[in-house]
Amino acid sequence: MDFTLVDLDDEHRALQQEIRTFLASIFTPDVFAEEHETGSGYNKKVYEELGARGWLYPEKPVEEGGAGFDLIAQRIMDLELFRQDARVMMMRGTSSLPLKAMRKYMPAEVADPILKDAVEGRVLVCLGYSEPDGGSDIANAKVRAVQDGDMWTINGSKMWTTGAHVSNYTFLVTRTDPDAPKHKGITMFLVPLDAPGVTIQAIRTFSGERTNIVYYEDVVIHDKYRVGGINDGWNVLHGPLDEEHSIGLDMSGGLTDLSIGAGFCRVLGKAINEVAEWAHKTSAPDGSSLTDDVQVRERLGAAMVEYEAGLCTPGPMGRVKASDALVKQAAALVDLMGPVGLLPLHTEGAFGEADTEYAHRFAQGTATYGGTVEVFRTIIANHVLGLPKPNYPGAKVFLAGKKK
Amino acid sequence: MDFTLVDLDDEHRALQQEIRTFLASIFTPDVFAEEHETGSGYNKKVYEELGARGWLYPEKPVEEGGAGFDLIAQRIMDLELFRQDARVMMMRGTSSLPLKAMRKYMPAEVADPILKDAVEGRVLVCLGYSEPDGGSDIANAKVRAVQDGDMWTINGSKMWTTGAHVSNYTFLVTRTDPDAPKHKGITMFLVPLDAPGVTIQAIRTFSGERTNIVYYEDVVIHDKYRVGGINDGWNVLHGPLDEEHSIGLDMSGGLTDLSIGAGFCRVLGKAINEVAEWAHKTSAPDGSSLTDDVQVRERLGAAMVEYEAGLCTPGPMGRVKASDALVKQAAALVDLMGPVGLLPLHTEGAFGEADTEYAHRFAQGTATYGGTVEVFRTIIANHVLGLPKPNYPGAKVFLAGKKK
Amino acid sequence: MDLLELRRQDYTLEEDQQLLLTAFGEFFREQCPTSLVRASEPLGFNQDLWNRLVEMGGTSMGLPESAGGDGAGMVELELVAEEFGRSIAPVPYIEHTVTSRALATAGTSSVLEGALDGSHILALASFPVRAGSPQLVPAGAIANSVLALVGDDLVLFTVDNPPAHVVNQGSTPLSWWDFDAITDQVVIASGSQAKAIYARAHDERMVLMAAALVGMTESALAILVEFSKTRETMGVPIATLQGVAFPMTDVAIGIAGARNIARKAAWYLDHAPDERPELAAIAMVYASQTATHGTQVSAHLQGGLGFTIEADASLYFLRSKGWGSLAGDPQAKLLAIGDHVLNTVK
Amino acid sequence: MDLLELRRQDYTLEEDQQLLLTAFGEFFREQCPTSLVRASEPLGFNQDLWNRLVEMGGTSMGLPESAGGDGAGMVELELVAEEFGRSIAPVPYIEHTVTSRALATAGTSSVLEGALDGSHILALASFPVRAGSPQLVPAGAIANSVLALVGDDLVLFTVDNPPAHVVNQGSTPLSWWDFDAITDQVVIASGSQAKAIYARAHDERMVLMAAALVGMTESALAILVEFSKTRETMGVPIATLQGVAFPMTDVAIGIAGARNIARKAAWYLDHAPDERPELAAIAMVYASQTATHGTQVSAHLQGGLGFTIEADASLYFLRSKGWGSLAGDPQAKLLAIGDHVLNTVK
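Residue numbers (this note's numbering), protein chains in the order written: chain A, 40 to 443; chain B, 40 to 443; chain C, 5 to 350; chain D, 5 to 350.
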């Protein structure tokens, strides 16, 4: 076990300084203003500036357009990005999944130029997984792709295609054999979003994020955009999906988060810090200091316990725990602040950055992103506790079923 | 709406005085000592004394051995019994269910003498419903009853037959047609527990109550003990079971509890009162008074909110709410009292009657008695929210299914 | 507490109460669809709906006949508040009602005429006034007068133009009131009478807000129930999964209890205000817990959809705190409840 | 708090730590079946098991080599505590360990020899001594000496015969100690040193108790998991119902986090005691919540069976509070945690 502060050598210390200075120079006020306005989780300038230095995916080797960062350097970068507020970096994470599949399953002459642009920040790839009535049941995809010689014609619509409006391609789950068992009739494509017949419609969440419905009407693309074999989409998906769902055992010497829930905990941590600051700067109706208020101290303590629990719970279990903790504690902290806790950023009298008010809205999404907490509870029940699977009509193609 | 204190007329006031005095005379220390020792929920002297006055089932008309109490008089009796600690009255409630079925489905010449003895406190009837692997799934009964002329031979075993060791009869669910659909092959019997082949084995709960496993080995009884038609047991059961599950709409002008959960709330109420007394009589480690301790005041307040919620939630919903409230709040109150909260009645330094320590153990049973909270949640989901029923292999014979 | 009280607990509504409930239920359902709620954001006030509510008697019913009102009690006002909350109506029903009742109790007739016809909107300050610290006042952005406690005096502050609206999570007409700067101040009561009227107004606000949260949560649950019957996963309606059905059941359980407590608390305020002084706070605390949990469950179990502003679930979720917080921190109210328990065993 | 610390969070055990965990896991599994736990009720002490634990080095490992011990750290002691709790072993492992370590820190050698060979059992008073108010002391019914804070002094109270056992819900060797009446009192430290040693001992007790509660809850969950796979309702194993599977999942989630926090807190006590002073309390609070919930779920989801004294589920349920309460009221600990948060943003 090791929880020591990392003792940086001169090289890493210099890099940390360089990263900090550079990020401060590119994360200008207009970047935050734009993100606050659009909720796109993306900023052209930031991505291209980072990409130009190989810092968009710095863990990749230099020959792939990265910076060959070791684990310490990667951690430095992650923390410095968080210092700047990582919201605009969201699409980087989204793109990273299909990039791996493209490298593995597409012919190099098709994939390489796209990968180069993506790593350099000029191209984004979004995920065309869910459908309007599909829930987390990806293998239930109904979007049809029909082959005609070298070309495919795509029809249907996808829900929750976050970043479609700023992306160049979507990593699309299509149904190519309606007669085969659900998960054996799926093919993956990399669909250029500027193709005729593609319509993108905005959906806004109440945390201010933007996502999209994407309609595909007789969209014709070349077979070269196929990712992996025909009807082999389920296996192609495993790569990215497993990555999304099986973050668990630590091989990094404690330099990576225990789960994707750590990101949720940081949002809770900011709210906790804000409420603590608020308690210092605010006096009770009777004029006394809130830092002496037993109920203030108690609830900050309770929130801290849940923060720590979310941070220290590993893998899929941490993803569920952190979401539950954020949902419950953000609500409790809003209660504690009272009406001021209802005032969002940039409103008269809002406290600080209004991190608590934001956390309360943001929390709800964390229970759904990349699979609901119920999906993950099912995965934990089957794969951690080893409980028998319920025999639902569609259970076999359920996400939780794939690890059989 | 009406929440007024009942303004008793002279007659009721006199009755209240009479009941209070009489109960005080029969609930002698040895009654409590015996109950504490046996956990039988029964006391021979108390039952016979009450029965002799028609006060065991005072709501029944005089000609049936009751006292023809009106609703106010019944409420007076219930509250005065609670004042004495109603634990020993538990078997009265248990017996009351089969008595109704006997009157309705048995020939008078068989039923009447038994009913007379029961109402007068000389005979108890317990419930032979559950089986070792049966859960709440009564229609799954495996205990066999085979007819041979006027006689039936019974084989098998029943679990959770509370009061079997003090009862004269058990109201038994038997399987008489193994080939028919589960709930169409059931017959009810009133089995004399002194019949050869009946063996009663004690089970103790950690709340100090006693229940039993009852084994039936070639137990031969006369057909006159059959309650209702052959293979018609499911309908016979509805009477008592519906009563057990559908306490809801108030026809009593607010003189009856909103749900059986009210009884659980009284146990919580006693614990709350005890902790409040304890706070008055105890000083904190630093010598200050616990009544000034914000966390003491806060938790008493939180427990009071849950107590009120359990009391005010009607019907099956109240049964679930009250159990949840008791389970969670009893645990919280034990935490509050610290080690003293772990000391049971009659131990050195235990506080008062150790109501809190008892509540923590008793609470667990309330989540199971007469159908688990999960069974009731299912009933509420289907019958209050109108949600579709899951299609389980055995769902049709599930308790929750009976109200189709 | 006395566990042996021989007291009725009869929740049955009188016929006229049932009619009132039905009438206002229809009124809000017809006059206030969620499209109107959305159209009234972010201010959270719709003048036209307010005028119709005045016509319905929504502003006069709660005032004594002596003050030109209809003399309805808290029970009736609570029933209306349930329907008001069910439609999350963008009108200051609660603030205006409790404040005008407080003025009537104090015998202040000056602004009551305008209060009766809805032209003069009244609001209640949540905390005693402290020099140099402005307050966020519920309905303050549309209120002509705000009632506040200043030392031992109950003071009515009146302005020509209410302070600018502050956008907030619940889309209610919040605004900052700097009482020091307001010249039109009228003392309407002093000493113990002032404190009593102020405390009563807060109790009434808690009970009506509890009722509104109950109605709001019922709406949130209703849309989830419909969604769960039609939405399928793994080939079955999600309503058949206990992981979905049980949380919905727990919300329904919370609603049933919270409604009864709110109604019971209203009855006590009408008939026996000194016998259960903590009941209004209990109603508020439990309704707040029920709404926090219920609207969250409703939004979450509708999946990504429930997280979008297009979904009505978002309207209820954002108001569970956006309305609930306006009646004060629930946790803080536990102390007074606990003190009551401690007093009853003394 | 600093959310940007560049700190490792590596929970990987060293090989020797893994071996230690395995060795004590086997020891308790073989030497302490639940039949022995039952046979040791109500006192909750088994002399034979205690002797074997001494042979295993259970009493010496935590003492510095200078004091004749093996110099193990809190991390190692925490791992043993997990296995100790998993078998709910009727021996005073926690009380004896933290108290003997405190004596060693204070440089008291007098009773340490007896502590090393287990012949002289040590316990720790939960509260500072107040004249005229006896205390319930964990392991007090079998302890030869109890360490307690008296004013600014840390005092070791020794008796020939410990006070009589008080039967309690957790079947532990609780007894009332009337410190005023004890003549054999030795001051082992004073002033700030006394307070520091006392506070450290309590932190160590919280971390070891947290570990024990984690192990206990894992045992409770394990028997439920097996039950749920075989027990059927409505024709399916109850484990396939989300109403059963999800609560079990939440217990597993709680265990995974509580274990990591307890281990992390132990590491900080060994390597950086001043950097996260609130972590021991966090470990205790979260483990207590996890055990309260987990043992309740285990008993309840086994139906009536889980409510009987015959079922092992009852052993864990009764000890979740019976052991957990001995390290102090979890709610009260939140205050110190909150104060730490407030201090870090100052």
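C-beta: ideal position from N, C-alpha, C; glycine also.
- At a cut-off of 8 angstroms between C-beta atoms, Phe245 (chain A) counts as an interface residue with respect to chain C.
- Along the segment 243 to 265 of chain D, going in chain order, the ones with a CB nearer than 9 angstroms to a CB of chain C are Leu245, Gln246, Gly247, Val248, Ala249, Phe250.
- From the beta-carbon of Val366 (chain B), the residues of chain D found nearer than 9 angstroms are Gln300, His304.
- The Cβ atoms of Val182 (chain B) and Gly202 (chain B) do not sit closer than 8 angstroms to each other.
- With fewer than 16 other Cβ atoms from the protein chains shown falling within 10 Å of its own Cβ, Gly388 (chain B) counts as exposed.
- Within chain B, the C-beta atoms nearer than 9 angstroms to that of Val333 (chain A) come from Asp332, Val333, Gln334, Glu337, in chain order.
- Here Ile146 (chain D) has Phe49, Pro96, Ile125, Pro166, Pro177 as same chain residues with Cβ atoms under 7 angstroms from its own Cβ, once five neighbours each way along the sequence are excluded.
- In this structure, the CA atom of Met238 (chain D) is about 7 angstroms from the CA atom of Asp176 (chain B).
- If you look at Met190 (chain B), you'll find it in the beta strand (DSSP E) that goes 190 to 197.
- Shown here, Tyr208 (chain A) sits in a strand according to DSSP, grouped into three states.
- Counting along the chain, the unbroken alpha helix (DSSP H) around Val85 (chain B) starts and ends at 83 to 91.
- If you compare the alpha carbons of B:Lys84, B:Leu54, B:Ala53 with that of Pro68 (chain B), the shortest gap goes to B:Lys84.
- With at least 16 other beta carbons inside 10 angstroms of its own, His304 (chain D) counts as buried.
- DSSP assignment within the segment 240 to 325 of chain B yields the following whole beta strand (DSSP E) runs of 3 residues or more, N-terminal first: 249 to 261.
- Rounded to whole angstroms, Val412 (chain B) and Val373 (chain B) show a C-alpha spacing of 23 angstroms.
- Secondary structure at Glu236 (chain D): strand, using DSSP grouped into helix, strand and coil.
- When secondary structure is reduced to three states using DSSP, Gly404 (chain A) falls in the helix class.
- At a cut-off of 8 angstroms, the C-beta of Arg305 (chain B) has a neighbouring C-beta in chain C.
- With a threshold of 8 angstroms between beta carbons, Leu330 (chain D) makes contact with chain B.
- Interface annotation, Val379 (chain A): in contact with chain C, CB-CB separation under 8 angstroms.
- The distance from the Cβ of Ala393 (chain B) to that of Pro383 (chain B) is about 5 angstroms, consistent with a contact at the 8 angstroms cut-off.
- With respect to the 8 angstroms criterion, Met356 (chain B) and Ala260 (chain C) are classified as neighbours on the basis of their beta carbons.
- Within its own chain, the residues whose Cβ lies closer than 6 angstroms to the Cβ of Thr352 (chain B), once the five positions on either side in sequence are excluded, are Lys360, listed in chain order.
- Listed along chain D is no residue with a C-beta nearer than 7 angstroms to that of His222 (chain B); the closest approach is about 13 angstroms.
- Separation of the CB atoms of Gly342 (chain C) and Met376 (chain B) is rounded to 15 angstroms, and the pair is thereby denied contact status at 8 angstroms.
- For Thr226 (chain A), the uninterrupted beta strand (DSSP E) segment begins and ends at 225 to 231.
- Ser206 (chain B) sits buried, since 16 or more C-beta atoms from the chains shown fall within 10 Å of its C-beta.
- Cβ-Cβ distances below 6 angstroms link Pro100 (chain B) to Gly107 in the same chain, with the five nearest sequence neighbours on each side left out; the list follows chain order.
- Under the three-state reduction of DSSP, Arg142 (chain A) is assigned to helix.
- Distance check between Glu345 (chain A) and each of A:Arg305, A:Ser328, A:Ser327, A:Asp331 places A:Arg305 closest, using alpha-carbon atoms only.
- Interface criterion met: the Cβ of Asp41 (chain A) is under 8 angstroms from a Cβ in chain D.
- Look at Ile227 (chain D) here: in three-state DSSP terms it is helix.
- Val366 (chain B) is a Cβ neighbour of Gln300 (chain D), given a cutoff of 8 angstroms.
- With respect to chain D, the C-beta atom of Thr200 (chain A) has no partner C-beta closer than 8 angstroms.
- Taking a contact to require three or more Cβ pairs closer than 8 angstroms, the segment 113 to 133 of chain C and the segment 245 to 264 of chain C do not qualify as touching.
- In the three-state reduction of the DSSP assignment, His422 (chain B) falls in the helix class, which pools H, G and I.
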